[in-house]
Structures are given as structure tokens and as C-alpha cells.
Amino acid sequence: MTSAFEIARQHERDGVSPNSAIVLRNLSFAYPGGRQVLNTIEADIAAGAKVAIIGPSGAGKSTLLMHLNGLLPGTPRTSAREANVWIAGQPVIAARLRAVRQQVGFVFQDPDDQLFAATVEDDVAFGPRQLGCRRDEVAQRVAASLAAVGLAEAGPLNPAQLSYGERKRVCLAGVLACRPELLVLDEPSSNLDPRARRQLVTILRNMPVTQVIATHDLDLVLDLCDRVLVLDRGRFQADGEPRRILADAVLMERHGLEVPWRLRPRDA
1 MTSAFEIARQ
11 HERDGVSPNS
21 AIVLRNLSFA
31 YPGGRQVLNT
41 IEADIAAGAK
51 VAIIGPSGAG
61 KSTLLMHLNG
71 LLPGTPRTSA
81 REANVWIAGQ
91 PVIAARLRAV
101 RQQVGFVFQD
111 PDDQLFAATV
121 EDDVAFGPRQ
131 LGCRRDEVAQ
141 RVAASLAAVG
151 LAEAGPLNPA
161 QLSYGERKRV
171 CLAGVLACRP
181 ELLVLDEPSS
191 NLDPRARRQL
201 VTILRNMPVT
211 QVIATHDLDL
221 VLDLCDRVLV
231 LDRGRFQADG
241 EPRRILADAV
251 LMERHGLEVP
261 WRLRPRDA
């Protein structure tokens, strides 16, 4: 097992700051028999940042997200020396996956891929129970998490009784109940009506945890994020403040994207 001393030495060798929420170093990935999806990805994301990852369909956004807690089979390395991904100073390696996954909350694009229990409260309670929380603490976390997403009264309901947007918020509550340091969201606003989308933006804006969001919703990026990374052809092609990046028509067109209407010149 990799010791804390070995990890600290590896931090020094790779220039990994233990104060960064996420560090990516020389991250590459190809599916078996397929094309190269990620190619020597490099990035540092500060704690507390709200960062969007955008790019054309098939650019590898979801694949990149799944590397943040070793969800892809065979991707976690075996030692800190080989690590390409670091979460809150911890290398995403096989021996430390449990610790890493306790720090990373992942909300999938489709809530029906994530919800499974007969009631909302049982679904939200699942994570804390797996963490070994006592019954009273589980109840407290469930109540606090549902309140945080505006569903305080939904606990006894079956998720099937809720709207699509409400089910997405239940998924978010289930993740929050585990108290992660990093929140990872894959297309969080997809298929939401305008009201549900506004509710989601408000909820996420008020959360102090680090957030990484893969999305095609460029208005969401403008409403929520303080940094955007453009992923295309396996690499980050641009990195910066959202209004500056998204208003660059040449850059956006080059990577299969369009400038959001609210940033276009009025005579365009």
C-alpha cells in the first residue's frame, strides 16, 4: 500500500499541490479497440471552484469525469508514481479508491440510472449507511440534504411519483448526504424545463464544494461557473473565464460550438 510519505514525495516530483481539489497529469485513455479519447490531459482545479467542461459530442467529457473516481474498469493505477489523477491530494489508484470515492460525489445525467430505492429517503440514506453512519446521523443527513435541494417533504414518496427535475434533485441530495469535497455532474440541466433549471442553478450556486460540470448548456456555464475548459480532440484546447471563452466566435466554431445568444453582438 502506498504510504503517506511516498505520496508526499510524489507530490513534489509531479508538482502536485495538496491544496488543489483536482490535479490531472499526462492523463490519456482509449477504449479497447477504439480511438484515443483523452491524450495527455493536464489541469489543476482549485478547491471551491465551479468549473465547466464543454466540447462537441464525443469529445470525451463523460469519460474524463469517470476518471475522477476511477469508475472506468482498469483505469486506476497501482501506485502513486503512476497516478494521473489526484483528488484533494489523494492519488486515484487502486489501493486508495475507497478513500477517493468518499470525497467525490457523482451525479449522472439520467436520474433513473441512479435511483433504485422504494422511497426517496431510503435512496438518500443509502450512501451514509454505506459509510457506517449511525442511525441518528443518517436521519439528520437525509433531512439536511433533502432540505438543501428543496425537497424536504419528499422523503416518504416513491421516486416515480416525482417529476424528472425533482428526481435529478433527489440524486443530488443522495450525493450531498455523503458530504463529498468534490461534486461531479454530467449534463445536470439536460431535459429540465426552465423552472427546474433555475432551481438547479440556484441550488448549485449556493453550494461551497468544488464542482466539475460536463455540459452542452452554455447558458448554465455563464450562470454558474467561474472557469471553463474546452475539450476537443483529446485535449483541453482553451481554459479561462466563461464570458471570454464563450464569446470567442472563432474558437467556438473551431471546436464545434456556438456562441450563446446572450453573448452575440446585437447586430449579428
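UniProt numbering puts the first residue of the sequence shown at 1, with every later residue one more than the last. Even glycine gets a Cβ: it sits at the ideal position worked out from N, Cα and C.
Asked, Found
"For the putative contact between P180 and G48, defined by C-beta atoms under 8 Å, what is the C-beta separation to the nearest angstrom?", "Actually they are not in contact, since the Cβ atoms of P180 and G48 sit about 13 Å apart, beyond 8 Å."
"Relative to the C-alpha of D110, which residue among H216, L185, R262 and G240 is closest?", "L185"
"What residues match up with P159 in a beta bridge as DSSP calls it?", "P159 pairs with nothing; no bridge assigned."
"To the nearest angstrom, how far is it from the Cα of E42 to the Cα of D239?", "11 Å"
"Would you report the Cα separation of N191 and A148, rounded to the nearest angstrom?", "21 Å"
"Buried or exposed for T63, going by 16 or more other Cβ atoms inside 10 Å?", "buried"
"Is it true that the CB of L251 sits closer than 8 Å to the CB of P260?", "no"
"Write down every uninterrupted run of the alpha helix (DSSP H) in the segment 179-242 whose length is 4 residues or greater and which is fully enclosed by it, in chain order.", "194-205 and 218-224"
"Could you compute how far the alpha carbon of D193 sits from the alpha carbon of G89?", "38 Å"
"Going by DSSP, what residues sit across from K50 in a beta bridge?", "Q211"
"Please list, in chain order, all residues of the same chain as L183 whose beta carbon is under 6 Å from its beta carbon, the five residues on each side excluded.", "G105, V209 and Q211"
"Nearest to T40 by alpha carbon, out of K50, G33, A46 and F29?", "F29"
"Check whether the Cβ atoms of L176 and S145 lie closer than 8 Å to each other.", "yes"
"Note down, in chain order, each residue of its chain lying with its Cβ closer than 7 Å to the Cβ of R129, except the 5 sequence neighbours on either side.", "V138"
"Would you give the residue range spanned by the beta strand (DSSP E) that residue 342 belongs to?", "The structure shown does not extend to residue 342, since the chain is modelled only from 1 to 268, so the question has no answer here."
"Can you name the start and end residues of the beta strand (DSSP E) that G105 belongs to?", "V104 to V107"
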